[in-house]
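All you need for our numbering is the position in the sequence shown, starting with 1, plus 556.
Beta carbons: idealized from backbone N, C-alpha and C, even for Gly.
The block underneath contains the structure these notes are about, expressed in structure tokens.
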Amino acid sequence: MSKSKSSKNNSSATEAARIARAEAQFATVGNRLKTLSATEPLLHAYGEDPKAYSAELTKQYAALASRPRPSAPVVKDISPRVALTLDRLADIFGPWQTVAVPTADVGLVEKPNSSKTSGDAGGVLSPGYIIPYAAISNSGSQEQWWVNTWQYVIPLPITPTGPGRLAYRFYVQAGLEFYRQNFLSGSAHVYATVAITNDLAGHPIDFSQPASSTFAIAEDLPTSEVPPLLSGYTAVNGHIDLVAGKTPAIGILCGLILSVAQGELRVTPDYYSYIFLTNPDARSNADIGKIEYRIDPIFWVEAVAAKLTE
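Right, here's the structure in full:
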């Protein structure tokens, strides 16, 4: 990939990460406003003025609400009925194939510049697997935010003939274990933004034009779970319209967004902290770090569609 194309990829990934952070902030600040009465005793205990806290939250919420909201990705596809039938017939006529995911590249690493904050978040990387960790603190009553992203670009087999349709599917699984929860408030978000291309050389992955973007974890803290664990997943599926002689590819941007106020938040890098990709047919740990794809020739797609309309 040329330097200019790589720069465009990094720029689009940064913009996608900032959109996700804004969405996380908007939801979190909205929840804080809804629970002001329950927070007031804690604010007094920390020596904070509830009225000043409320005024600042209201200001933040108004600023976030005034930003243009990203529209849901619009993906043109065959009818859901045809897509479901193709999936059902896949084991006979075009089975799903697996492809191993490489080790992610580190993307955006962003932390607050407030003098009241310290600490870092990051991840230990292996193919298709991230072990997130964090040790962050904030002595102020307003939440501050840390953002980390990791990028995968997964080339798929060159299309020998065309046109055609490549279907893909995978899960993004996430878990976070917290070491104590000695803070006023916080939040934890893990998300996956997916972008595609049918010509990796000519049209690199552009995360500013995603095929999908969803959260696997979106929770306010402290959590009531004992021990303090969060887990979740998001299912990703879609398709790429193939072009003869070109290399299709999938880009996956995995992001970790953490916030904390009046205290310290730690994510422990152990068995219960993870962000990994896996195929829906996973049966063992050997399936971690793999996604699935299937190529349907256009004549087959058209034949199935025609049969269903008879």
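For the pair Tyr-609 and Ile-692, the Cα-to-Cα distance works out to about 21 Å. The beta strand (DSSP E) runs of length 3 or more contained entirely in the segment 691 to 768 are, from start to end of the chain, 700 to 711, 720 to 733 and 739 to 753. Taken in chain order, the unbroken stretches of beta strand (DSSP E) that lie wholly in the segment 762 to 805 and span 3 residues or more are 768 to 777 and 785 to 798. Within 10 angstroms of the beta-carbon of Asn-587 lie fewer than 16 other beta-carbons, which makes it exposed. Per DSSP, the continuous alpha helix (DSSP H) segment holding Thr-595 begins and ends at 592 to 601. Residue pairing by DSSP places Asp-676 opposite Ala-691 in a beta bridge. Under DSSP, the beta-bridge partners assigned to Arg-850 are Ala-723.
Its Cα nearest to that of Gly-807, the residue Leu-833 stands out among Pro-783, Leu-833 and Val-816. The residue among Lys-615, Arg-725 and Ala-660 with its C-alpha nearest the C-alpha of Asp-837 is Arg-725. Rounded to the nearest whole angstrom, the C-alpha separation of Leu-756 and Asp-826 is 36 Å.
Taking a cut-off of 8 Å on C-beta distances, the segment 715 to 725 touches the segment 783 to 796, as three or more cross pairs fall below it. Judged by DSSP in its simplified three-state form, Gly-807 adopts strand. Per the DSSP secondary-structure output, Tyr-685 pairs in a beta bridge with Ser-682 and Phe-832. The secondary-structure analysis by DSSP pairs Arg-644 with nothing; it has no beta-bridge partner.
Beyond the five residues adjoining it in sequence on each side, Ala-751 comes within less than 7 Å, by CB distance, of Ile-761, Asp-762, Phe-763, Gln-765, Pro-766, Ala-767 and Gly-807 in the same chain, given in chain order.
The beta carbon of Pro-784 sits closer than 6 Å to the beta carbons of Phe-734 and Gln-737 from its chain, once the five residues preceding and following it are set aside; these are given in chain order. In this structure, DSSP gives Arg-822 an extended state, which the three-state scheme calls strand. The distance from the Cβ of Lys-863 to that of Thr-654 is about 28 Å, inconsistent with a contact at the 8 Å cut-off. Sequence-distant partners of Ala-621 (beyond 5 residues in either direction) whose C-beta falls short of 8 Å from its own C-beta, in its chain, are Phe-582. Just measuring C-alpha positions, the residue of Arg-822, Gly-731, Pro-804 and Ser-780 sitting nearest Thr-715 is Pro-804.
Of the candidates Thr-865, Pro-683, Glu-666 and Glu-612, Glu-666 places its Cα closest to the Cα of Asp-676. Cβ neighbours of Tyr-828 within its own chain (closer than 7 Å, five residues either side excluded): Gly-731, Glu-733 and Leu-785. One Cα belongs to Glu-579, the other to Thr-790, and the distance between them is close to 17 Å.
Membership of Ala-838 in any beta strand (DSSP E) is not indicated, and neither H nor E is assigned to it by DSSP.
Counting along the chain, the unbroken beta strand (DSSP E) around Ala-656 starts and ends at 653 to 656.
Per DSSP, the continuous beta strand (DSSP E) segment holding Glu-666 begins and ends at 661 to 666. Per DSSP, the continuous alpha helix (DSSP H) segment holding Pro-606 begins and ends at 606 to 622. Contact annotation: Asp-776 and Thr-584 have beta-carbon atoms nearer than 8 Å. Apart from the 5 residues on each side of it in sequence, Tyr-830 sits with its Cβ closer than 8 Å to the Cβ of Tyr-685, Ile-686, Ile-687, Pro-688, Gln-729, Ala-730 and Gly-731 in its chain, given in chain order. Pairing Gly-811 with Tyr-747 gives a Cβ-Cβ distance under 8 Å. Only residues of its own chain outside the window of five on either side were considered, and among them Ser-610, Leu-613, Thr-614 and Tyr-617 have a CB closer than 8 Å to the CB of Leu-589, listed in chain order. Here DSSP, grouped into helix, strand and coil, assigns Ser-815 to strand.
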